[in-house]
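Undergrad: Quick one: the structure is below, questions incoming.
2 protein chains.
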Amino acid sequence: MYFLLSLHRRGHRHLRHVKHLSTTAHSQLHVPLNHPTFLVWASNTSLGKTLVSTGLAASSLLNPIPKPRKFLYLKPVQTGYPSDSDSSFVFHKLSRLSLLRRHNLPHFSLFSSNHILKASFPAANSVLGQEISETPHSGMRDLGHYEEAKAEGDVGGGAASQLVCKTLYAWREAVSPHLAAERESGVVEDAAVLELLQKCLRFELEGGGEKGKETEIFCVVETAGGVASPGPSGSLQCDLYRPFRLPGVLVGDGRLGGISGTISAYESLKLRGYDIAAVVFEDHGLVNEMPLLSYLRNRVPVLVLPPVPKDLSNDLMEWFDESRGVFDSLKEEMLSAYSKRMMRLQDMPKKAGEIFWWPFTQHQLVPEEAVTVIDSRHGENFAVFKAQNNEFITQQFDACASWWTQGPDTTLQTELARDMGYAAARFGHVMFPENVYEPALECAELLLEGVGKGWASRTYFSDNGSTAIEIALKMAFRKFSYDHGILSDVRKDNTASRRVELMVLALQGSYHGDTLGAMEAQAPSSYTGFLQQPWYTGRGLFLDPPTVYMCNGVWKLSLPEALHLEIPKLENKAFSSRDEIFHKIRDKSDLARNYSSYISEQLLQYSGSGGFYHIGALIMEPVILGAGGMHMIDPLFQRVLVNECRSKKIPVIFDEVFTGFWRLGRETAAELLGCVPDIACFAKLMTGGIIPLAATLATDVIFNSFIGESKLKALLHGHSYSGHAMGCTAAVKSIKWFKDPQTNLNITDEGRSLRELWDEELVQQISSHPAVERVVALGTLFALELRAEGSNAGYASQYASSLLQNLRQDGIYTRPLGNVIYLMCGPCTYPEICSQLLVKLYKRLEDFDQFHQIKEENSESYGG
Amino acid sequence: MYFLLSLHRRGHRHLRHVKHLSTTAHSQLHVPLNHPTFLVWASNTSLGKTLVSTGLAASSLLNPIPKPRKFLYLKPVQTGYPSDSDSSFVFHKLSRLSLLRRHNLPHFSLFSSNHILKASFPAANSVLGQEISETPHSGMRDLGHYEEAKAEGDVGGGAASQLVCKTLYAWREAVSPHLAAERESGVVEDAAVLELLQKCLRFELEGGGEKGKETEIFCVVETAGGVASPGPSGSLQCDLYRPFRLPGVLVGDGRLGGISGTISAYESLKLRGYDIAAVVFEDHGLVNEMPLLSYLRNRVPVLVLPPVPKDLSNDLMEWFDESRGVFDSLKEEMLSAYSKRMMRLQDMPKKAGEIFWWPFTQHQLVPEEAVTVIDSRHGENFAVFKAQNNEFITQQFDACASWWTQGPDTTLQTELARDMGYAAARFGHVMFPENVYEPALECAELLLEGVGKGWASRTYFSDNGSTAIEIALKMAFRKFSYDHGILSDVRKDNTASRRVELMVLALQGSYHGDTLGAMEAQAPSSYTGFLQQPWYTGRGLFLDPPTVYMCNGVWKLSLPEALHLEIPKLENKAFSSRDEIFHKIRDKSDLARNYSSYISEQLLQYSGSGGFYHIGALIMEPVILGAGGMHMIDPLFQRVLVNECRSKKIPVIFDEVFTGFWRLGRETAAELLGCVPDIACFAKLMTGGIIPLAATLATDVIFNSFIGESKLKALLHGHSYSGHAMGCTAAVKSIKWFKDPQTNLNITDEGRSLRELWDEELVQQISSHPAVERVVALGTLFALELRAEGSNAGYASQYASSLLQNLRQDGIYTRPLGNVIYLMCGPCTYPEICSQLLVKLYKRLEDFDQFHQIKEENSESYGG
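Protein sequences, first through last, are from chains A and B. When we follow full-length UniProt numbering, the leftmost residue of the first sequence carries the number 1, and every step to the right adds one. When we follow full-length UniProt numbering, the leftmost residue of the second sequence carries the number 1, and every step to the right adds one.
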C-alpha cells in the first residue's frame with residue numbers, strides 16, 4: 001500500500017501548471033507602497049498569525065491617536081470557512097476590545113467592517129444555509145457576506161477610525177488550500193488571487209482621493225498555514241505572493257522544536273527574496289528567543305508574546321491587554337522598517353547619480369528622474385519603484401535581457417536561488433587548476449556534450465566574454481604558429497618574433513569585448529578611437545559582410561560595395577522565407593562562388609610565406625553581429641569564410657558569447673550556420689544570466705599545441721574565479737533547463753529548436769512601418785533599425801529616446817544601440833508575451849512617427 | 001514583562017562562541033566513506049526519526065542475506081535520558097523484531113549491543129540511581145552503560161550479523177540540547193561532538209582489519225529535534241555536523257502544515273551544502289507527498305510510511321511489518337545514492353584530466369593521482385576525497401586562498417550562502433547603467449567610505465582584476481591626455497593620435513592580469529613571450545625596485561643594481577623591525593633623496609613635450625608584488641614614486657586586486673604606504689572570495705574628464721555583469737564582516753589593522769633555515785623563497801614539488817610560484833591556526849633540506 005511514488009507524470013503536470021501561471025500573470029502589476037503593508041507569515045499552522053494581526057490592529061486603532069486611522073486586514077485565502085474565518089476573528093475581537101478600551105479613549109470612534117468576497121460553492125452553501133445543489137458547481141462564487149459595527153468613546157464624535165477586514169477567497173474544508181480547492185472544484189489561479197489582492201490594496205490604500213491620502217493606513221495581508229504551504233493552485237504561498245515582494249513579519253514557534261521550524265521558515269522566505277521586519281512568537285518557557293537572536297544577529301528584532309490561554313472559552317481580552325506592549329513594539333518595528341525602505345527608495349536615484357560611474361553612459365545625459373529604481377526582478381520582469389503621486393511598484397519586461405544575459409523564468413529563478421545557496425554553502429569558491437569538483441566537471445561535460453558536441457574536447461573556464469575571447473586568440477595563434485613554422489623560427493632566432501605580426505580575419509561591425517585583446521580583433525568603431533583606448537591599433541583584416549534583413553515583410557540580401565560591384569544582379573535579392581536563407585542548397589549557388597573568390601582574393605595579400613603579416617585566426621560572431629547593430633550576416637558568406645580559412649589552416653573561432661544558448665533559437669548559432677569552429681567562446685546565457693562565467697571550448701589538436709615538458713609551454717592565462725563553483729552550478733542548471741521540454745515549453749523539433757516566438761504577421765507589419773528601415777527576428781531576438789539620417793543614425797544617436805520612454809511607460813524596458821532598438825526575451829518566454837511586446841511596440845511606432853512628422857513639419861515651416 | 005529583546009550583548013557572546021569552535025576544530029578530519037553512512041534529519045521533533053532508523057536497521061539485518069552484516073546506529077546527542085533513549089529504542093525494537101522474524105530466517109544470527117558513552121552528571125546520577133551530589137559537578141562523565149543481546153534463527157550458527165547502537169552524549173532534561181547542557185552544566189563543544197563521532201565511525205567502519213573490510217556495513221547518525229535545532233553548544237545542528245557533510249535522509253511531516261515545514265527544512269539543509277537522498281514521512285491522509293514531489297521534481301524520492309498507532313501500549317511490531325516495503329525501498333534509495341557518489345568521486349580525476357583545460361597548468365605534468373578531488377569547502381578548509389585503501393574525506397587548509405581570493409570563516413560562509421540565495425531570488429541579475437538597486441548602491445557606498453575614503457568619489461564595476469585594470473588605464477590615459485593637451489591635438493588633427501604613444505610607469509616583476517591591456521602594463525616575463533601572447537609589446541617604463549625581506553631573523557633592504565651603484569653603503573641595510581620599514585620618518589632620509597633623483601632621471605627621457613612617448617600613468621601593486629614572486633617593495637620607494645608622478649600630473653593607479661581588503665593586514669595597502677592614488681582597482685577578497693566582482697574607484701577629477709555632451713565621450717567599457725546584484729551582495733556582507741570586531745576577532749587598533757597572525761619567533765626561525773633564501777610575513781601572507789639556482793629557480797621550477805606534496809599530506813594545500821611558496825590565510829583566521837601551519841612548514845623544510853642534501857651528495861658521489 002505504501003511505496004515509493006513515481007515522480008514523473010504527476011510532478012510534471014504540476015510543473016507546467018505553475019509555469020503557466022507565473023509567466024503570464026500580472027501584466028498590470030501595481031503594488032501600492034504609499035502606506036505600510038506587510039505579509040504575515042508563520043513557520044507552521046496554528047501559531048497565532050491572526051492573534052498577531054488582531055494585536056496590530058488594536059495597536060493601530062485603540063491607542064490615543066491625534067487623528068483617525070485605518071487598519072486594513074486582508075485574508076486572501078481562507079479554508080475551513082465558515083467555522084474558521086480569520087477576518088471575522090479580527091473583526092469581532094477588535095469590536096470587543098474597543099468596547100472594553102473605549103473608556104480610556106474619550107474621543108474615540110471606530111467603524112469596523114468584515115467582508116467575505118468569494119467562496120467555493122460548498123463554502124457558500126454552508127454559509128447561506130442552502131442545500132448543496134445536485135448539479136456540481138465548479139469555480140468560486142461571489143459571496144458578498146458583509147457585517148459592520150461602530151464603537152464610540154465616552155465623548156465620541158469626530159471622524160471615525162476604520163477597521164476594514166476582507167477575506168478574498170474561502171473554502172469549506174479545513175485542509176490545505178490546494179486540497180480544499182481541488183476537492184471543492186474551486187481552484188483559483190495565482191494570477192486571480194494576486195489580481196484581487198491588488199485590487200483590494202489599491203482601492204483601500206489609493207482610493208479616497210486627496211482626503212484619503214492624509215489618513216494613516218496600516219495594512220496586513222495574512223497568509224494561510226506555513227510559509228511554504230500550497231496556495232489554492234498548488235503553488236507554494238511564498239512563491240505565489242512573490243511578485244508583490246511585500247515585506248513580512250514571521251510568526252515563529254516557541255515550542256520544543258520551534259527554533260528549527262522558525263529558522264527554516266525564515267530561510268525559505270529569504271530564499272525567495274523577501275525582507276522580514278520582525279519575528280514574533282508565543283512564549284512556551286523554552287527561551288527560544290535566545291538562539292533565534294543569535295542566529296539573526298542584528299538583522300531582525302525578535303519579540304515574545306505571553307502564553308495564550310489554552311481554555312477555548314477564554315475571550316483573550318486579558319491576553320490582548322497583557323500583550324499590548326509587545327504589539328506596540330512590533331508595530332513600531334514595522335513602521336520603522338517601512339519608513340527606512342521608503343526613504344531609501346526615494347533617495348536612490350540621487351545617490352546613484354552621485355557615486356556610480358555607469359559604463360557606456362554619458363552621465364550628463366541622465367537626469368535624476370530618468371534613473372530606474374529596480375526593487376527586484378521576477379523572471380523576465382523588473383519590479384520598478386515609482387514615486388510619482390502615490391509611491392508604488394510597477395513591472396517592466398526586461399527587453400534588453402539585461403545586456404543579453406537573461407534566461408530565467410520565475411520557476412528557474414527560484415530554483416537557481418536555492419542552487420546558488422547550496423553551491424555557496426558547499427563550495428564557496430575553490431581553486432580550479434589540478435583540481436576537480438562536481439559543478440566544474442558536470443558543467444564541462446554538459447558543454448562538451450551540448451554546444452561542443454562533435455568537435456570540442458576541452459573546456460577552458462574564465463570570467464566573461466572578453467576573457468574567453470582573449471584566451472581563444474591565444475589558442476588560435478599558438479596553433480597557427482605551429483602549423484606555419486613560426487614557432488620554430490622563433491625558437492631558432494629570438495628576434496624572429498619581432499618580424500612576425502599575427503592578425504585576425506574578422507568582419508566589419510564585429511564586436512568581441514572591451515579588453516584590449518578582444519578590441520584589437522574588431523574593426524575600428526566608436527569604441528576604439530584614441531579617446532577611448534589609446535592602445536588600440538586594430539590587428540585584423542576586416543571584411544565588409546553581406547547582410548540579410550526583413551523590410552516590407554520580405555527578407556532581403558544586402559551586399560557590401562566591394563561585392564555589389566562584382567555581382568550587381570544579386571543586390572536586393574529577396575528570399576521566400578527565413579529558412580531559405582539558411583538552406584545549405586545555397587552552397588552550390590553562384591553567390592557562393594562569388595563569395596569564395598572575393599575572400600580568397602582578400603586573403604591572398606597575407607598568405608605569402610616569409611611575410612610580416614599573417615592571418616592567424618578567423619574570429620566571428622555567427623549569424624548576428626550584436627553590439628555592432630544587430631546585423632544578420634548572410635550565413636552563406638560565413639560558411640564560405642570558414643571553409644576558406646580551414647583550407648588554409650587558419651584556426652576558426654566562433655564568438656558565441658551573445659548567440660549561444662538559444663539566443664537565436666538554437667543552442668548554438670553554429671547549428672544555424674551548419675558548420676563547426678575549432679574554438680568557441682560562451683558566456684552570458686550560459687549561467688541562465690544570473691552570474692558571470694565564461695568558457696572557451698577547443699578541439700584536441702588545439703589543446704595539443706600546448707602540451708610539452710615545460711610549464712612555460714602551457715597556456716598561462718587564468719582568472720581568480722576560473723571554473724568557480726557557483727557559476728558552474730548555475731550553468732549546469734540552466735543548460736539543462738533550457739533544453740528540457742519539460743521545463744522549457746518552447747523546445748520543439750526533438751530538442752533542437754525553439755518554436756517561433758515572434759508572431760510572423762506582427763513582424764511583417766512592423767517591418768512595413770514607414771519609420772522602420774529593417775527588421776531582424778530570430779530566436780529570442782527581435783531588432784529593428786529606425787529610419788534615420790545624419791546624427792540621428794549611429795551609436796551615439798538619441799533619436800529613439802522618446803520611443804523608449806514611451807515603451808517604459810507601457811512596461812517594456814529597452815536599451816537602444818543608437819537608432820537600433822531591440823526586444824529580447826528568454827528561451828522560455830511564452831510567444832503570447834512576445835506578441836504583447838510587439839503590439840505595444842507597433843502602437844508606439846505610430847506615435848513616434850507622428851511625433852517626428854510633426855517635428856519635421858514644424859522645422860520645415862520654421863525653415864520656410 | 002514581554003518586550004523586544006536587546007540583540008546586542010547576548011547575541012554577540014554566542015557568536016564568538018560559535019566562531020571559536022568552527023575555526024579551531026578538526027585539525028585531523030577523517031570521515032570514512034568506505035560504507036554508506038547517513039544523517040537522519042527531521043523537519044521537527046517527534047516525527048519518527050528513530051522509527052526510520054529502526055526500520056532501516058531491520059531492513060539491513062532482518063532480511064535473508066548472503067553473509068553477515070553490520071548496522072551501526074549512532075545518536076550523538078540525546079536529551080531526556082534515561083527516560084528517552086533512542087539508541088535503546090532501536091536496540092530493543094530490533095531485538096524484539098528479530099525474535100518475531102527469526103522463523104523465516106533459518107540461518108540467522110544477530111548480536112546486538114547498546115552503549116551510552118557519556119552523560120551529564122544529573123543524567124548519570126539518574127541512571128546509576130545515585131543521589132545528586134551536593135557539590136555541583138560540571139562537564140560530562142563517562143557513563144559506560146552497556147547492554148547486549150543475541151538472537152538466532154531456527155537453525156542458527158554461522159557468523160553473526162551485528163547491530164551496534166551508541167549514544168554519544170546524554171542529558172537528563174527533555175528539552176533542546178543547548179538548554180539541557182546549560183542547565184546541567186554539561187556543555188560540550190562542537191569539536192568534541194565531532195571528534196567522538198569520528199572516532200566511533202572510524203572504529204566501527206574502518207576497524208576489524210581485512211576481514212572487517214568485507215562486511216557490509218550500513219550506518220545512520222540520528223540528529224536531535226529539527227534540522228536547525230541547537231546542539232549542546234548552541235550551534236545549530238545543521239551547522240554542527242557540516243564539516244562531515246554526510247548525506248542525509250529527511251523525515252518530513254505528513255500533518256496539516258507539514259508540507260511547509262518539510263520544504264523549509266529541506267531548504268535549510270541545502271543552504272548548508274547537504275545532499276538529501278530521500279524524504280520520508282508518516283501518512284496522515286493529507287497526501288502531502290504530492291506537493292512535495294512537485295516541489296522536488298526528479299531530484300529526490302519521497303516515501304510515505306503508514307500511520308503510526310497512537311496507542312502508547314502498542315509495541316509497533318505490526319507497524320514495522322506493514323512498513324517493511326517502504327523501509328526496503330528507502331534503504332535501496334540510500335544505497336544507490338551512496339554508490340553513485342562513490343563511483344563519481346573515484347571517476348573524477350580521470351574525467352578531469354580528459355576534458356578540463358586547466359589554466360597555468362602543463363597537463364603533461366599532472367598525472368591522474370595528483371589531481372585533488374574537492375568534495376566541499378568549509379571556511380578555510382577543503383574537504384578532499386582520498387581513495388587510498390579505505391575511501392575517506394580529509395581536510396586541507398586552503399593555504400593558496402584559492403588564488404588569493406578567500407576570506408570566509410565557516411560562519412561567514414554560511415551567511416554568504418543565505419545571502420547568495422536571497423540575492424538570486426530577489427534580483428538574479430539586472431542591468432546596471434542608468435539604473436539603481438540596493439546591493440550595487442550599498443556596495444558603492446561601502447567602497448567609497450572604506451577603501452576609497454578621503455580620495456575616491458566614483459565606483460566603476462567590472463568582473464575581475466584584469467578588467468578593473470583595463471578600465472583604470474583608460475581612465476588615467478584620458479585624464480593625462482586632457483591635462484597634457486594631447487586630446488586637443490587629436491581633435492584638431494586626426495592623425496595626431498598616431499604620433500603619440502602613451503606608456504605606463506611600472507615596476508619590474510609587477511603583474512596586473514592576463515588580458516592584453518593589463519599585460520601591456522607589465523614588464524616582460526614568462527607570461528608575455530611570443531609563445532604566450534604574440535600581441536604583447538610591453539608599453540611601459542619598467543623600473544627595477546628596491547625590495548625588503550627577512551633573512552636570518554632580520555629585515556633587510558636589497559637595492560637593484562642601478563641604485564646599488566649609486567648608494568652602495570645602503571645595500572643590505574638592516575631594519576630593527578618591520579614597523580621601521582613603513583615609518584614615515586624615512587621620507588626625510590638620504591635614501592629617499594636618492595630614490596627621488598633616480599626616478600626623476602628615469603622620467604626625464606619621457607617628459608619632453610612634443611615627444612612620441614609619454615608616461616601617461618603610474619601603475620603599481622602597493623607594497624607586495626604578488627604573482628611576480630611575493631616581493632615586498634620598499635614602501636619608501638613607492639611613496640617617492642607617487643610623489644614624483646603627482647608632481648608631473650601623471651595619474652596614479654594602485655592595483656589592489658591582490659593587496660586590498662586586509663590581505664596585508666590593513667583594509668588597503670595604500671594605508672600601509674601612507675599615500676593615496678587617483679584610481680584604484682579591487683577584486684578578489686572584495687566579495688569575501690565567493691564570486692567574481694571588481695571595482696575601479698576614481699577621484700572626481702578623473703570622472704570629470706569623461707563628462708560632456710556626447711555619449712562618445714563617456715567611458716565606453718563594460719561587461720554584462722557590471723555591478724551584478726549577487727557580487728555586490730557578497731561584497732557588502734564581506735566588507736562589513738572583515739572590519740567589524742564583533743565578527744572578525746583579528747581586528748585591532750580601532751578597526752584599522754589585523755593583529756599579527758604569523759608568530760614572530762616562528763617566522764624568524766624559518767627565515768634562518770638554510771633552505772630558505774628570504775621570508776616575507778605581512779597580514780594574511782607568509783611567503784618564502786627557497787634557495788635555488790639555475791632551472792630550480794623561477795616560475796617554471798618544479799623544485800618545491802616534494803615539499804608541497806608533503807604539506808598536502810599534513811593537511812595544507814599550497815600552490816607555488818616556482819621556488820617561491822606561500823601560506824595565505826583569511827582576515828578572520830586565528831593566529832593559532834597560522835602557527836600550526838608554520839610549525840608544519842618548518843618540519844617539512846627540515847625533510848626537504850635533508851632530501852636535497854642527500855640528493856646533492858649522491859650526485860656529487862656519482863660525479864666523483
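Cβ coordinates follow ideal geometry from the N, Cα and C atoms, glycine included. Keep in mind the model is a prediction, meaning the values are calculated, not measured.
Scan the stretch 709–739 of chain A for residues whose Cβ lies nearer than 9 Å to a Cβ of chain B and list them as they occur along the chain.
TA: Going along the stretch 709–739 of chain A in chain order, one finds Glu709, Ser710, Lys711, Leu712, Lys713, Ala714, Leu715, Leu716, His717, Gly718, His719, Ser720, Tyr721, Ser722, Gly723, His724, Ala725, Met726, Gly727 and Ala730 with a Cβ nearer than 9 Å to chain B.
Undergrad: Beta-carbon of Glu434 (chain B) versus every beta-carbon of chain A: anything under 8 Å?
TA: Yes, Glu434 (chain B) counts as interfacial toward chain A.
Undergrad: If you draw a straight line from the alpha carbon of Ser22 (chain B) to that of Gln395 (chain B), how long is it in whole angstroms?
TA: Its pLDDT being 39, under 50, Ser22 (chain B) is placed unreliably by the model, and the measurement read from it follows with that caveat. The straight-line gap from Cα to Cα measures roughly 14 Å.
Undergrad: Below 8 Å, how does it come out for the stretch 656–671 of chain A and the stretch 518–538 of chain A: are there three or more Cβ pairs, yes or no?
TA: The stretch 656–671 of chain A is not in contact with the stretch 518–538 of chain A.
Undergrad: Per DSSP, which residues does residue 866 (chain A) bridge with? Please list them.
TA: Residue 866 (chain A) falls outside the range modelled here, since chain A spans only 1 to 864, and no answer is possible.
Undergrad: When you compare only the Cα positions, how much space is there between Ala25 (chain A) and Ala191 (chain A)?
TA: Only weak support exists for where Ala25 (chain A) lies, its pLDDT of 42 falling under 50; the value from the coordinates is given anyway. Straight-line Cα distance between these residues: approximately 5 Å.
Undergrad: According to DSSP, is Glu709 (chain B) part of a helix, a strand, or is it coil?
TA: Residue state, collapsed to three classes: coil.
Undergrad: I want to verify the contact list: residues of chain A whose CB lies under 8 Å from the CB of Arg458 (chain B), in sequence order.
TA: Result: Ile355, Phe356 and Trp357.
Undergrad: Out of A:Glu671, A:Gly708, A:Ser43 and A:Ala793, point me to the one whose CA is closest to Ser753 (chain A)'s CA.
TA: Comparing Cα positions, the closest option is A:Glu671.
Undergrad: Pairing CB atoms from the stretch 736–754 of chain A with CB atoms from the stretch 396–405 of chain B, are three or more of them under 8 Å?
TA: At 8 Å Cβ cutoff, the stretches do not touch.
Undergrad: Less than 6 Å between C-beta atoms, sequence neighbours within five positions excluded: which residues of the same chain meet that for Lys19 (chain B)?
TA: Any reading at Lys19 (chain B) is ruled out, since the residue's pLDDT is 38, under 50, leaving its predicted position unreliable.
Undergrad: Could you tell me how far apart the beta carbons of Ser457 (chain A) and Phe682 (chain A) are, in whole angstroms, since I believe they sit closer than 8 Å?
TA: Wrong, their Cβ atoms sit about 15 Å apart, outside the cutoff.
Undergrad: On a CA-only basis, which of B:Arg418, B:Leu837, B:Trp319 and B:Leu693 is nearest Asp759 (chain B)? Give me that one, please.
TA: Checked all of B:Arg418, B:Leu837, B:Trp319 and B:Leu693; the closest Cα to Asp759 (chain B) is B:Leu837.
Undergrad: What are the boundary residues of the beta strand (DSSP E) that includes Gln396 (chain A)?
TA: From DSSP, the beta strand (DSSP E) with Gln396 (chain A) extends over Phe392 to Asp398.
Undergrad: Suppose contacts are defined by Cβ-Cβ distances below 8 Å. Is Gln362 (chain A) in contact with Lys711 (chain B) by that definition?
TA: The answer is yes: Cβ separation under 8 Å.
Undergrad: Measuring alpha carbon to alpha carbon, tell me which of B:Ala265, B:Asn63 and B:Pro243 ends up nearest Phe327 (chain B).
TA: Answer by Cα proximity: B:Asn63.
Undergrad: Along chain A, in chain order, which residues have C-beta atoms closer than 7 Å to that of residue 932 (chain B)?
TA: Nothing about residue 932 (chain B) can be read from this structure; chain B reaches only from 1 to 864.
Undergrad: What separation, rounded to the nearest whole angstrom, lies between the Cα atoms of Glu656 (chain A) and Pro546 (chain B)?
TA: Glu656 (chain A) and Pro546 (chain B): Cα-Cα distance of roughly 46 Å.
Undergrad: Is any beta-carbon of chain C found at less than 8 Å from that of Trp403 (chain B)?
TA: No chain C is part of this structure, whose protein chains are labelled A and B.
Undergrad: My output table needs one value for Phe281 (chain A): the three-state DSSP class, helix, strand or coil.
TA: The answer is strand: DSSP assigns Phe281 (chain A) an E or B state.
Undergrad: Anyone know if the C-beta pair for Val164 (chain B) and Leu143 (chain B) falls short of 8 Å?
TA: Not in contact: Val164 (chain B) and Leu143 (chain B) (Cβ atoms no closer than 8 Å).
Undergrad: Sorted by chain position, which residues of the same chain lie with C-beta nearer than 6 Å to Arg755 (chain B)'s C-beta, five sequence neighbours on each side aside?
TA: These residues qualify, in order along the chain: Asn746 and Thr748.
Undergrad: Are the Cβ atoms of Phe782 (chain B) and Leu823 (chain B) separated by less than 8 Å?
TA: Taking 8 Å as the Cβ cut-off, Phe782 (chain B) and Leu823 (chain B) qualify as a contacting pair.
Undergrad: Count the other CB atoms within 10 Å of the CB of Gln809 (chain B); is the residue buried (16 or more) or exposed (fewer)?
TA: By the 10 Å Cβ count, Gln809 (chain B) comes out exposed.
Undergrad: Between the Cα of Glu248 (chain B) and the Cα atoms of B:Gln532, B:Glu184, B:Val40 and B:Tyr511, which residue gives the shortest distance?
TA: This sequence places Gly at residue 248 (chain B); Glu is not what is there. Of the candidates B:Gln532, B:Glu184, B:Val40 and B:Tyr511, the one whose C-alpha sits nearest the C-alpha of Gly248 (chain B) is B:Val40.
Undergrad: Determine which residues share a DSSP beta bridge with Asp142 (chain A) and list them.
TA: Asp142 (chain A) pairs with A:Lys118.
Undergrad: Can a CB atom of chain B be found closer than 8 Å to the CB of Phe703 (chain A)?
TA: For Phe703 (chain A), the answer is yes, since a Cβ of chain B falls inside 8 Å of its Cβ.
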